[in-house]
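So our numbering is basically just the index in the sequence shown, starting at one, shifted up by 45.
For each residue, glycine too, the CB sits at the ideal point set by N, CA and C.
Computed from a predicted structure; not experimentally measured.
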Amino acid sequence: MKIKSKQLIIYVSIILLIVLLSVMFTLILTKFSPIIAFILIFFIFAFTITSIYIHVLRVVSIISRSILNLEKHIQPSDDPFRVEIDKNPFLNFQKINQLFIHYDDVINKTLFEQEVIETKLKDLERINIFKNHTLDTLLKVNHLFLNLSDSNDYYDILLKSAIEVIENASKGSLLLFNNETNTYKYHTCVGYDLKELQKVTMTLEETFLYKNSIGNYEDPIIIRNMREFDLKSLDSLRNESIEKAGGMEIEEVLSAPIVIDGQIFAIINIDSVIPNAFDEVDQQLIHFFASQIAIALKNKYLVDETVNMSRYDKLTGAYNRNYFEKILTDHREHALESLEPYAIVLCDLNYLKLINDSFGHSAGDAILREFSRMITSSIRESDVLSRIGGDEFVILLRNISLAHAEEKMSQVFEKIKDHRIEYQGSDLPVSFSYGISASPDDSMIYDILVKIADIRMYKFKEKYKSENPKLLSIINTM
């Protein structure tokens with residue numbers, strides 16, 4: 046290895062220092078032989094200073110390697126005065142002060158990078174916790190969906206779950222889209238007076254989401270200075286309702302759309318009384334939440350549609366024959382065990398074939414829909430209306446005797462018998478005949494009850510037509 050001039054000067058200086066120290070101690074220890082004392086002291090100082098020098102070189106070498114290893118994992122410094130690490134520790138020893146300064150700089154950069162990594166890990170942990178929480182929420186909601194409940198409790202669960210897991214969230218609300226009014230209305234909330242909020246409706250263009258989205262209103266947004274936004278964007282009446290509901294104390298809102306088939310079906314607002322409460326991670330979390338909820342809701346509506354098709358007559362909205370038979374089977378078992386009375390009412394629309402032939406099937410469909418609507422509005426919620434044929438319907442009246450069933454149907458008939466619907470300039474009659482049988486008054490066997498009701502219905506129809514001949518002539522002359 047070639048020895049450079051600077052290295053040679055250092056080596057010579059060290060040797061001269063050792064010699065000087067040895068001479069000084071030799072003069073002190075004059076009682077020994079001067080030569081022996083000098084040699085002894087020379088070697089003592091030489092060993093000590095050489096050991097110190099080697100140790101320092103090892104420390105410098107370790108620091109140099111540490112810096113090189115650290116700089117492999119961080120961005121290289123742009124500092125023009127930073128020390129270039131040399132593989133020769135002796136050269137680093139000559140600029141050891143700058144080396145330690147650079148080492149400190151690298152350590153600080155490494156610590157900063159570690160903080161960044163720790164922050165990212167915390168964000169990932171937040172995301173994982175939120176995703177697990179979202180899955181738990183979906184399980185709860187899907188359980189309600191599977192029970193085919195008409196309750197809207199799942200909206201409460203959705204909102205509360207989002208508030209629980211979003212940091213700094215304290216309140217919230219959920220708005221649903223109304224197809225009839227083309228507006229959004231508050232459906233549920235946490236921390237507010239719902240009655241006051243429900244006085245407030247907004248079009249999409251008036252919502253926080255739309256006005257702060259810069260065109261892309263299908264992604265979540267953070268709304269700062271919420272009070273100022275409300276005062277600028279809403280009229281005095283709506284601001285008054287929001288203030289009464291407790292909304293004016295909110296500093297910040299995280300607003301996310303629930304999008305189904307390109308339509309914003311609902312808007313979920315997560316609120317905080319703390320300024321700068323939400324960040325980009327919260328936006329990612331609520332976006333994930335809203336996306337998963339949108340999928341669950343869409344699946345629910347598909348299931349509901351399938352269920353409706355399997356239960357209801359598409360034209361009239363009454364139960365179809367298959368589902369009515371299932372209801373009746375369950376009801377008969379209950380009636381036999383409890384001896385609860387019930388009535389079967391068979392109904393047949395008068396002159397429907399003539400109306401179809403004269404005005405078309407769309408006119409007959411209108412008659413069927415109107416009849417179903419009027420019967421449904423005239424019976425109890427516990428009673429059941431089913432369409433079992435083209436113009437034939439059956440009504441199950443629960444917990445009622447034959448006498449009370451006859452009285453009830455007499456009132457319904459009187460209400461409907463003169464009813465007309467306007468169709469393409471003509472007033473078409475909604476006319477029907479009916480027959481009643483009851484258990485246990487007539488029989489406890491369903492097939493016999495149906496036959497009895499059928500016989501009574503045709504007797505009623507013959508009597509009705511003979512007593513109302515003008516109705517047939519009115520239809521014929523239209």
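Q: Would you kindly work out how many angstroms separate the C-alpha atoms of E288 and S281, rounded to a whole number?
A: Here residue 288 corresponds to residue number 243 of the sequence shown, with the count starting at 1. Here residue 281 corresponds to residue number 236 of the sequence shown, with the count starting at 1. Rounded to whole angstroms, E288 to S281 spans 10 Å at the Cα level.
Q) In or out: F477 buried (at least 16 other Cβ within 10 Å) or exposed? A) Position 432 of the sequence shown, counting from 1, holds the residue named residue 477. The residue is buried, with at least 16 neighbouring Cβ atoms inside 10 Å.
Q. How many Å lie between E250 and I295 at the Cα?
A. Here residue 250 is taken as the residue at index 205 of the sequence shown, counted from 1. Here residue 295 is taken as the residue at index 250 of the sequence shown, counted from 1. Those two C-alpha atoms are separated by around 21 Å.
**Q.** Residue burial classification, I490 (beta-carbon count within 10 angstroms, cutoff 16)
**A.** Within the sequence shown, numbered from 1, the residue matching residue 490 stands at position 445. Exposed.
Q. Is S258 near I266, with beta carbons less than 8 Å apart?
A. As a working note, residue 258 is residue 213 in the sequence shown. As a working note, residue 266 is residue 221 in the sequence shown. In this structure, I266 lies closer than 8 Å to S258 by Cβ.
Q | Through-space distance from N395 to E507, alpha-carbon basis | A | Locating residue 507 in the sequence shown gives position 462, counting from the first residue. Locating residue 395 in the sequence shown gives position 350, counting from the first residue. Going from the Cα of E507 to the Cα of N395 covers about 10 Å.
Q) Name the DSSP bridge partner or partners of F438? A) Taking the sequence shown and counting its residues from 1, the one referred to as residue 438 is at position 393. DSSP output for F438 lists C392 and R432 as bridge partner(s).
Q. From which residue to which residue does the alpha helix (DSSP H) around D375 run?
A. Counting from one through the sequence shown, the residue named residue 375 turns up at place 330. First-last of the alpha helix (DSSP H) with D375: R366 to S383.
(Q) Which complete beta strand (DSSP E) runs does the stretch 475-517 hold, if anything under 3 residues is left out? (A) 477-484
Q: Let me know the secondary structure DSSP gives K216 once reduced to three states.
A: In the sequence shown, residue 216 corresponds to position 171, counting from 1. Here K216 sits in strand by DSSP.
Q | Identity of the residue in E350, Y503, I338 and T246 nearest E437 by Cα | A | Taking the first residue of the sequence shown as position 1, residue 437 is located at position 392. Sorting E350, Y503, I338 and T246 by C-alpha distance to the C-alpha of E437 places Y503 at the top.
Q: Report yes or no: do the stretch 341-360 and the stretch 215-233 share at least 3 C-beta pairs separated by less than 8 Å?
A: no
Q: Sort out for me which residues DSSP pairs S300 with in a bridge.
A: What you label residue 300 is simply residue 255 of the sequence shown in a count that begins at 1. DSSP output for S300 lists I266 and N314 as bridge partner(s).
Q. Span of the alpha helix (DSSP H) holding I400?
A. As a working mapping, residue 400 is identified with position 355 in the sequence shown. Its alpha helix (DSSP H) spans residues L397 to F404.
Q: For my contact list, F334 and A498 are in at a C-beta cut-off of 8 Å; report their separation, rounded to the angstrom.
A: Translated into the one-based positions of the sequence shown, residue 334 becomes position 289. Translated into the one-based positions of the sequence shown, residue 498 becomes position 453. Contact doesn't hold; Cβ gap of about 54 Å is too wide.
Q. Quick one, which of D316, I420 and I500 has its alpha-carbon nearest G291's?
A. Along the sequence shown, one-based indexing puts residue 291 at 246. Measuring from the Cα of G291, the nearest candidate turns out to be D316.
(Q) Buried or exposed for P97, going by 16 or more other Cβ atoms inside 10 Å? (A) Counting from one through the sequence shown, the residue named residue 97 turns up at place 52. According to the sequence shown, residue 97 is Ile rather than Pro. Exposed, since its Cβ has fewer than 16 Cβ neighbours within 10 Å.
Q: Identify whether S206 lies in helix, strand or coil by the three-state DSSP scheme.
A: In the sequence shown, counting from the first residue as 1, residue 206 sits at position 161. S206 falls in the helix class under three-state DSSP.
Q: Would you tell me roughly how many angstroms separate the C-alpha atoms of A210 and N224, rounded to the nearest one?
A: Mapped onto the sequence shown, residue 210 falls at position 165. Mapped onto the sequence shown, residue 224 falls at position 179. In the sequence on display, residue 210 carries Val and not Ala. Roughly 31 Å between the two C-alpha positions.
(Q) Does the structure place the stretch 457-475 close enough to the stretch 366-375 that three or more beta carbon pairs sit under 8 Å? (A) no
Q: Rank G409, N153 and F404 by C-alpha distance to the C-alpha of L397 and give the top, closest one.
A: Start at 1 with the first residue of the sequence shown, and residue 397 comes out as number 352. Closest option to L397, Cα to Cα, is G409.
Q: Quick one: give me the first and last residue of the alpha helix (DSSP H) that K230 is part of.
A: By one-based count along the sequence shown, residue 230 stands at place 185. Unbroken run through K230 is the beta strand (DSSP E), T228 to V235; no alpha helix (DSSP H).
(Q) Measuring straight from C-alpha to C-alpha, what distance separates R418 and A363? (A) Along the sequence shown, one-based indexing puts residue 418 at 373. Along the sequence shown, one-based indexing puts residue 363 at 318. Rounded to the nearest whole angstrom, the CA to CA distance from R418 to A363 is 9 Å.
Q) Run through DSSP, which three-state label would M293 get? A) The count along the sequence shown starts at 1 and reaches residue 293 at position 248. Reduced to three states, the DSSP call for M293 is coil.
(Q) Bridge partners for R465 per DSSP, in chain order? (A) By one-based count along the sequence shown, residue 465 stands at place 420. Looking at the DSSP assignment, R465 forms a beta bridge with P474.
Q) C246 bridges to which residues according to DSSP? A) Position 201 of the sequence shown, counted from the first residue, corresponds to residue 246. A quick correction: the sequence has Thr, not Cys, at residue 246. DSSP, once it has assigned bridges, lists K230 as partnering T246.
Q | Limits of the unbroken alpha helix (DSSP H) element including E350 | A | In the sequence shown, counting from the first residue as 1, residue 350 sits at position 305. E325 to R356 is the extent of the alpha helix (DSSP H) around E350.
Q.
Only counting the same chain, and skipping five residues up and downstream in sequence, which positions put a Cβ closer than 6 Å to that of A322?
A. On the sequence shown, position 277 is the one that residue 322 refers to. If we look at A322 and ignore the five residues flanking it on each side, its Cβ neighbours are N213 and E297.
Q. Is the beta carbon of L219 less than 8 Å from the beta carbon of L239?
A. Along the sequence shown, one-based indexing puts residue 219 at 174. Along the sequence shown, one-based indexing puts residue 239 at 194. No.
Q. When the Cα atoms are used, what is the spatial distance from C234 to R432?
A. Position 189 of the sequence shown, counted from the start, is the residue given in the question as residue 234. Position 387 of the sequence shown, counted from the start, is the residue given in the question as residue 432. Here the alpha carbon of C234 sits roughly 40 Å from the alpha carbon of R432.
Q: Give the range of the alpha helix (DSSP H) segment to which L279 is assigned.
A: Here residue 279 refers to the residue found at position 234 of the sequence shown. Neither: L279 is in no alpha helix (DSSP H) and is coded neither H nor E.
**Q.** Whether V475 touches I412 by CB criterion (8 Å)
**A.** As a position in the sequence shown, residue 475 is number 430, starting the count at 1. As a position in the sequence shown, residue 412 is number 367, starting the count at 1. Their beta carbons are under 8 Å apart, which means V475 touches I412 by this criterion.
Q: Give the DSSP-derived three-state secondary structure of R425 in the structure shown.
A: Here the question's residue 425 lines up with position 380 in the sequence shown. In this structure, R425 counts as coil in the three-state DSSP scheme.
Q) For the candidate residues R377, G470, I340 and A301, whose alpha-carbon lies nearest to that of L330? A) By 1-based counting over the sequence shown, the position of residue 330 is 285. For the residues R377, G470, I340 and A301, the minimum Cα distance to L330 belongs to A301.
**Q.** Buried/exposed call for K453, threshold 16 Cβ in 10 Å
**A.** As a first step, residue 453 is located in the sequence shown; it is residue number 408 there, counting from the start. Classification of K453: buried, given that the 10 Å Cβ count is 16 or more.
Q) How would you call T248, buried or exposed, if buried means at least 16 neighbouring beta carbons within 10 angstroms? A) The count along the sequence shown starts at 1 and reaches residue 248 at position 203. Exposed is the call here.
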